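Each remark here refers to the structure printed beneath this line.
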Amino acid sequence: MGQMIGATALMRSLAKEGVGQVFGLPGGANLPMYDELSKSDIRHILVRHEQSAAHMADGFGRVSRKPGVCFATSGPGATNLLTGIATAHADSAPMVAVTGQVPVGMIGRDAFQESDIIGMANPVVKYAFQPRAPSEVPESVKKAFFIAETGRPGPVLVDVPKDVQTDSAEMEFPDEFRIRGYHPWTDPDVPSIERAIEMLLSSERPIILAGGGTIISSAFAELQAVAETLLIPVATTFKGKGAFPENHALSLGPIGMHGHAEANRLMTEADCVLAIGTRFSDRSVGTFEEFEKNLKIIHMDVDPAEIGKNQRTSVAIVGDVRTSLRIMVKLLRRSPPASREDTPWARHAKETREYWQENLKVPSGEMVASRILKRLREALPPEAIVTTEVGQHQMWASLFYDVIEPGTFFSSTGLGTMGWGFPAAIGAKVARPGVPVLDIAGDGSFNMTENSLATSVTEGIPVIVFLINNYMLGMVAQWQRTFYERRMIGVDQKECPDYVRLAQAYGAEGVRAESLDEIGSAVRAAISCEAPTVIDIPIDPEENVLPFVAPGTPLRDMILPS
Amino acid sequence: MAILSIKVENRPGILWKVTHLFRSRNFNIESISVGPTEDPEFSRMTISVRGQDGRQVAQMIKQLNKLIDTVEVSLLDEHKTVYRELAIFKIRLRGAQDSMEVNKLAGAYGGKVHDVRRDSIMVELTATPDQVSAFEELARPFGIMEVARTGMAALQRAGA
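Protein chains in written order, with our numbering: chain A, 13 to 574; chain B, 2 to 161.
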């Protein structure tokens, strides 16, 4: 391919991977790559803080299933990315983060804006590269994308010293390469799938638990086919929310700390679970010991290290969950099971679901979370993409916002990163410009990355911030009310700032919605005007998220609204 | 005790990644030795851990396999493995009688004696970790001034 500098090779490598845009912020050590970026066809989307660049790349990656790319300079630029990288790692989102680094000869001398970002990032990346010569750049980038998007996806860091960007070398852009210690593909073991079917058919109270892996591998149709053929109710984890249409007759919604009452109840009663693409997080299962008691677990996962990590498994099926489910569907079609409609369990599941859908107590009044989110659902088309921030509003979304089209709901579930939802929504909108994208936000979480309004406005990426505003760090306040005898500290935002004026200061639309009707019309107006919009929705700061499974307690001890 | 033999890419930073994994998954390494293999592209790490049940060790093996720089991870069966450790002891002497007895003890364990002085002696031992520990117990009454142990190297027997 000829002689060129490392920065040119970097841009060519990104273009070869089909990268359309990078989210980033320039600085001293990545100026050479920015200079080459200015000459390339790749769009640059300027952020106002590197953490947001990582969240945008993350949001882009989750929606497009291709690694999102973010750029940051060395030192503080790189460390600012870390929270975003760790968030993507916890939720298995594909990402390639490219950082500038001080020149090779300066590494280890505590140079200005030097940080050992490889060392700091190691626990939260799938892999990290630091090309030490310009000729190593193309292969590093190629491998970075391969690792980020195959198997269980995750973030990969490419840290490029400044002289590696500026020095030139004879470049080869390999199409073939070998990574000896990386085997992302395993063919699912068919006899294990046969055993799983047998176990599901012979158990009295089977349930499906769909995790985030179901969404990552887009196994929606296959999951639905298995559930409908076997007539098994489908719960999800919170990360798996929306893997299965939540208006489907078999849908129970998420289990866990703020799971649906019907999902937690039936999960506790089940004798066999088909768990798909889940790591059985403590927030989902309550306590590990109680969860696995009297429960046969069939575990499908692409990551063999997840099998048996948190729960004992009766049947393990390692491989891409979509492939595994496809095989299961094929086997079921070959020898269809007898109709299961009238089993006592199917009847019980139906009754339980209907009971809780009608009888879950919610606070009275108009502007309460359940009604606000149901109104939002009515105002949004089914294909709209929703992200959330982290806090009470997130758990209310889990409880009261039904995902209809699978794979349209995304949240920071593993790391629980406040400030994720808004920049992630911007990344999602870049991936899917044709559909409305809305961030279900709380005020505390939105505060953390609200300066992404500048990106949304100046780059013309119109997303909607649906701000359920109690001027509280509401989830912390709820725990202080519940576990610390109402000794409230550090949670009151004292009605600061005014979000309508904040939005307007950035040049975005800012509206306040004080009734359900105003919410509906504000959302519809925001969708049709295609301008970044903050909808400020004041609510009562005393409203709690219920049901609630207290940390360290089993799902059956779920606290219900009284 | 579980002995793990880990073949890794011979590149900078990999020892750190492996040891970091043990730390982050709450495992305590009892001994570790690292060196090149017959192929200079790979290194072999031999790591022994104690106090973990089979399920925990199996989980650790999966996590090690997940590291992209590890090429092969095996759990060695103590009974089908040759494993040795090198140790050097500096032992206090309080007279000719001590000197004779330490010499005898070293001989019994197949050790070699170095740097013999009026008031101290050094013993080099290549043995299993248990044997090294047994020697250490027997030498303790003389007064052990310093010990250096390499951690074990291990290979599965052919056909095992």
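Using N, Cα and C, we set each Cβ at its ideal position, and we do this for glycine too.
Please read all numbers here as calculations on a predicted model, not as lab measurements.
Does any residue of chain A have a CB that is nearer than 8 Å to the CB of residue i?
i	result
B/Glu39	no
B/Leu76	no
B/Ile69	yes
B/Ser25	yes
B/Gln57	no
B/His21	yes
B/Val35	no
B/Lys113	no
B/Val72	yes
B/Glu10	yes
B/Gln64	yes
B/Gln53	no
B/Gln60	yes
B/Lys105	no
B/Lys91	no
With a threshold of 8 Å between beta carbons, is residue i in contact with chain B?
i	result
A/Pro135	yes
A/Ile577	No statement about residue 577 of chain A is possible, as the shown extent of chain A runs from 13 to 574 and does not include it.
A/Gly73	no
A/Ala317	yes
A/Arg513	no
A/Tyr413	no
A/Gly320	yes
A/Arg524	no
A/Ile501	no
A/Arg192	yes
A/Ile159	yes
A/Tyr518	no
A/Tyr483	no
A/Tyr139	yes
Which residue marks the beginning of the beta strand (DSSP E) containing residue i, and which one marks its end?
i	result
A/His56	Arg55 to Leu58
A/Cys82	Gly80 to Ala84
B/Ile33	Ile30 to Pro37
A/Val34	Gln33 to Gly36
A/Val108	Met107 to Gln113
A/Ser263	Ser263 to Pro266
B/Thr71	Thr71 to Leu77
A/Phe478	Ile476 to Asn481
A/Ser540	Segment Leu528 to Cys541 is the alpha helix (DSSP H) holding A/Ser540; no beta strand (DSSP E) there.
Hey, quick one: how far does the alpha helix (DSSP H) through residue i stretch, first residue to last?
i	result
A/Trp549	Contrary to the premise, residue 549 of chain A reads as Ile rather than Trp in this sequence. Note, A/Ile549: premise wrong, no alpha helix (DSSP H); beta strand (DSSP E) at Thr545 to Pro550.
A/Gln323	Where A/Gln323 is concerned, there is no enclosing alpha helix (DSSP H), given that its DSSP letter is neither H nor E.
A/Lys342	Val333 to Arg346
A/Ile438	Gly433 to Ala443
A/Ala102	Pro88 to Ala102
A/Ser229	That residue, A/Ser229, is in no alpha helix (DSSP H); it is neither H nor E in DSSP.
A/Ala21	Gly18 to Lys28
Can you list, in chain order, the residues of its chain whose CB lies under 6 Å from that of residue i, leaving out five sequence neighbours each side?
i	result
A/Gln142	Ile130 and Asp171
A/His67	Gly96, Trp432, Pro435 and Ala436
A/Leu485	Gly456 and Val503
A/Ile162	The sequence shown places Thr at residue 162 of chain A, rather than the Ile named in the question. So the qualifying residues of the chain are Pro196.
A/Gln63	Asn92, Thr95 and Gly96
A/Ser204	Val327 and Ile329
CB-CB under 7 Å to residue i, same chain, minus the five flanking residues each way: which ones, in chain order?
i	result
A/Gly331	Thr198, Asp199, Pro200 and Val314
A/Asp294	none
A/Phe412	Ala381, Ser382, Leu385 and Lys386
B/Gln64	Leu22 and Arg26
A/Ser457	Glu401, Val402, Gly403, Met430, Gly431 and Gly433
A/Lys253	Pro266, Ser410, Val415 and Phe421
Under the rule that 16 or more other beta-carbon atoms within 10 Å means buried, what is residue i, buried or exposed?
i	result
B/Val103	buried
B/Glu79	exposed
A/Ile571	exposed
A/His272	buried
A/His195	exposed
A/Glu274	buried
A/Asn371	exposed
A/Glu234	buried
A/Gln369	exposed
To which residues of the same chain is residue i closer than 8 Å at the C-beta, ignoring the five residues directly before and after it?
i	result
A/Arg144	Val116, Pro173 and Val176
A/Ser76	Ala443 and Arg444
Restricting to runs no shorter than 4 residues, where is the alpha helix (DSSP H) found entirely within the stretch 96-145 of chain B? 97-109 and 130-140
At 4 residues or longer, and completely inside the stretch 142-223 of chain A: list those alpha helix (DSSP H) runs for me, N to C. 149-161, 174-178 and 202-214
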